[in-house]
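Sequences listed follow chains A and B, in order. Residues 262 to 473 (this note's numbering) are what the first sequence spells out, left to right. Residues 25 to 508 (this note's numbering) are what the second sequence spells out, left to right. Here the structure is laid out as structure tokens; the discussion comes afterwards.
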Amino acid sequence: MRRLPVYLLLDTSGSMMGEPIEAVKNGVQVMVSSLRQNPQAIETAFLSIITFDSVAKQIVPLTDLASFQVPDIKATGTTALGEALELVSSCINNEVTKTTTESKGDWKPLVFIMTDGVPTDNIQNGITAINKSRIAQIVACAAGNNADTSLLKTITESVVSLDTADGQSISKFFAWVTASIGVASTKVEESGKETSGMKELPPPPSELNIVL
Amino acid sequence: MKPSTLSYISKLLDNKGLKTINEDALKKFIAEEDIEEKVASILKTQDIIMDKWIIRSRIIDFQNQSIRISNGTVNTNYNYAFTPHFFSEKHITQFEFSDIDDLGLSFNKETNSIEGVPKKSGTFKLIILFKVAGESESTDFNRKEISFVINPDPKSLWKDIPSDKEAIFWKEDDKSSSGKLQEKSIIVSSKRGRSHKNVGSFRDDDFSFKSFENTGWSIVAVSDGAGSAPFSRKGSEIACDETVKYFEETILANKELESFENKINSFSETKEELLLEEAKIEAKKTMYKAVIHVHEKLQEIASNTFQENPNLFEGLNEINCIEHFHSTLVFSAFKKFEIGYVFLSFGVGDCPIGIVNKEQTSSSLLNWLDVGEFGGGTRFITQRDIFHSKERPMSSRFSIHVQNDFSYLFLMSDGVYDPKFEVEANLEKTNKWVDFIEDLKGNNEDNTTIDFDKPIEEVEEKLNTWMDFWSKGNHDDRTLAIIY
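See below:
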């Protein structure tokens, strides 16, 4: 079975404390229960969560939606986005099966990043690492005014922003991620191809601004 | 006097900031005012309070403990075992899971596990009613809630929406057929994939076959319409039908294979390799005309449709409107000769044609598949450039195969090949074909057995049942033609 791996990189730095982190937790919860109702997603999509504050941690390894349990997430510390990027590339290396002549490997992963601030570490090594990884698509979301969209643009072409990092906006972002995973898991089954650009994902809701 | 009474009173006075005058005065005070008894009562009350607190803290600790149990799935056996001392080490003396029988589950005290087959999906709160050590029989049970997820049965999530019969180029959602091809029999089943059923879209696969008694030839064609092409359901139909039609009305009617047949017959006597090579070239030329015809017919129908309904072809013109009909095509025409069966095959796209010998000890793939990253994946009969590709020359798409006799000849779409063979390399392995035959004969999860000795209508019906096999992540249209 070819899996569609999805990595969520979530900012859990101190500034996310309170409403934003609760919205993230809720967003993951709603996303997973909604994807469980999608026949294509529940069979193909596998989800992993990497959080980054003062350090980056993979708090849920790549797990099928049926067994996935929403982790407890707390906000504290600084914003080690660079480390998170390095971590996701090593996770992809270890967890995503490559295609050989003997067996078909997994689909290329989707990576979603959400951050509300500026990285407090050096992200250059992280960018080098993800550029070397087999990834179908990276989408970065800048939540609120303090996030640096131009820096996110150096990570990926596909950057969206939320005007404010409040519960309402964050939940809209997760709803869009949910729809995107749904579309991607249908597309790989239908056409045997991964999505490769923002235009192949569903149109983002009005709360999400596409950063050009 | 108990020393504990004296020390208790000293500490009490000390705590209140009062100085003890002297020990003797204190002893006298204790004796004369019945203090001993009163202190004993206080100490006893304190012990009772402490005991009660210990009980309460056991309850709170358990209620606060995060317990995660694995998720269940409707209609799938569930078992979650707690460690053997999970409850006892938390001083829990009595407990029960209330209402889990509503979910189809029960708690097995012997194995300390929740088990059963979940009946309904959703996120539930499992309630544990419990008592801890020290609580009396008469007290009420305490409650703890644990979150519990039951996934829907993935099979139940798939909808089965019929395709729109009013739509242009509508065709049957499922189709099957059977018949005689000279001495051999054929059964074919073509079914709309789950991903198409789920959204009410069309079956893009198709097939066609015919046997021509007077000439001894038979032909079978299978085509898979591209998922991304809106009218590929028609493309695949035209591709198959026109192949068979051209073979009958032009190739056979004009005796275009006569010279080929003569050479094959001479070869069987003389064994002169050159004759065989010449025959092969002639056969390829004849088949090439059939392929050109199919492509042109598709172009003609696409252009006609475009002229009638240009609004259906946004961004396309009268020529490239054929893109909406993108379909693959494989076919094999065969006849029994003195030297054995001769197969003339062609393939564009990713549908394999496989043949297994009578003894089932060797197999051959009669075409190569357009797969892989190279050149952008699959190719279609609707693409002009397949006729002049340098990387994949047109001539290599034809094959002439000679075989004494065979047990099975298969033509299938990727909806069958992907789940059953997974990768191209496996199509080259005889054991994989033998496994496939075993699968058809009943070595499968559903225990669907196709008995090829039964009357052909029955075999066809069984194949239709077999085609519904479940395979995670494989929900494409499926077409399988078996000649046996």
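By construction, the Cβ of each residue, glycine as well, lies at the ideal position given by its N, Cα and C atoms. What you are looking at is a predicted structure, and each value in this text was computed from that prediction instead of being measured.
Taking every protein chain shown into account, the CB of Ile174 of chain B has 16 or more other CB atoms within 10 angstroms, so this residue is buried.
Among the residues facing chain A, Arg82 of chain B is not included, as its CB has no counterpart in that chain under 8 Å away.
The beta carbon of Ile391 of chain A does not come within 8 Å of any beta carbon belonging to chain B, so the residue lies off that interface. CA-CA distance, Phe434 of chain B to Ala445 of chain A, rounds to 32 Å. Nearest CB-CB separation between Arg297 of chain A and chain B: below the 8 Å threshold. Thr239 of chain B has its alpha-carbon roughly 53 Å from the corresponding atom of Gly443 of chain A.
Residue-level contact check: Met262 of chain A touches chain B, since one or more beta carbons of chain B fall below 8 Å from its beta carbon. Inter-segment contact for the region 255 to 263 of chain B and the region 342 to 349 of chain B is present: three or more beta-carbon pairs are separated by less than 8 Å.
Taking the C-beta atoms as reference points, Leu281 of chain B is found no nearer than 8 Å to Ser235 of chain B. Membership of His425 of chain B in the beta strand (DSSP E) is indicated by the continuous run 422 to 427. Taking Lys269 of chain B as reference, the option from B:Ala250, B:Ala314, B:Gly497 with the minimal CA-CA separation is B:Ala314. With fewer than 16 neighbouring CB atoms inside 10 Å of its own CB, Asp184 of chain B falls in the exposed class.
The C-beta separation of Ile282 of chain A from Ala336 of chain A comes to about 4 Å, placing the pair in contact by the 8 Å criterion. In this chain, the beta strand (DSSP E) harbouring Glu169 of chain B covers 166 to 175. Pairing Lys444 of chain B with Asp463 of chain B gives a Cβ-Cβ distance under 8 Å. Between the region 265 to 279 of chain A and the region 306 to 326 of chain A, the count of C-beta pairs closer than 8 Å reaches three or more; the two stretches touch.
At least one C-beta of chain A is nearer than 8 Å to the C-beta of Ser94 of chain B. Comparing C-alpha distances from Asp228 of chain B to each of B:Asn88, B:Gly251, B:Asn222, B:Lys221 shows the shortest one belongs to B:Gly251. Listed by position along chain B, the residues whose Cβ is nearer than 7 Å to that of Glu461 of chain A form an empty set, because the closest Cβ is around 12 Å away.
Closer than 8 Å to the CB of Thr456 of chain A there is not a single CB belonging to chain B. Identification of chain A residues near Asn101 of chain B by a Cβ-Cβ cut-off of 9 Å yields none; the smallest Cβ-Cβ distance measures about 14 Å. Exposed is the label assigned to Gln87 of chain B, since fewer than 16 other Cβ atoms lie within 10 Å of its Cβ. Ala505 of chain B sits close to Val244 of chain B, with the two beta carbons spaced by under 8 Å. Between Ser350 of chain A and Ser394 of chain A, the gap from beta carbon to beta carbon is short of 8 Å.
Under the DSSP assignment, Asn39 of chain B falls outside any beta strand (DSSP E), being part of the alpha helix (DSSP H) whose first and last residues are 27 to 39. The beta-bridge partner set that DSSP reports for Met74 of chain B is empty.
Beta-bridge partners of Ser419 of chain B (DSSP): none assigned.
Residues are counted here when their Cβ sits less than 7 Å from a Cβ of chain A; for the region 182 to 213 of chain B these are Trp182, given in chain order. Against chain B, a Cβ distance below 9 Å from Ser394 of chain A picks out nothing, because the smallest value is about 17 Å.
Contact between the region 365 to 382 of chain A and the region 400 to 407 of chain A is present: 3 or more CB-CB pairs across the two stretches fall below 8 Å. Nearest C-alpha to Ile275 of chain B among B:Ser242, B:Ser187, B:Glu60: B:Ser242. With a contact defined as Cβ atoms closer than 8 Å, Ile431 of chain A and Ala317 of chain A miss out at about 20 Å.
Close to Gly466 of chain B, with beta-carbon spacing below 8 Å, lies no residue of chain A; the smallest spacing is near 23 Å.
Lys144 of chain B has a beta carbon lying at 8 Å or more from every beta carbon in chain A.
For the pair Ser274 of chain A and Ala341 of chain A, the Cα-to-Cα distance works out to about 8 Å. Using a Cβ-Cβ cut-off of 7 Å, Lys365 of chain A is close to Glu446, Val447 of chain B, given in chain order.
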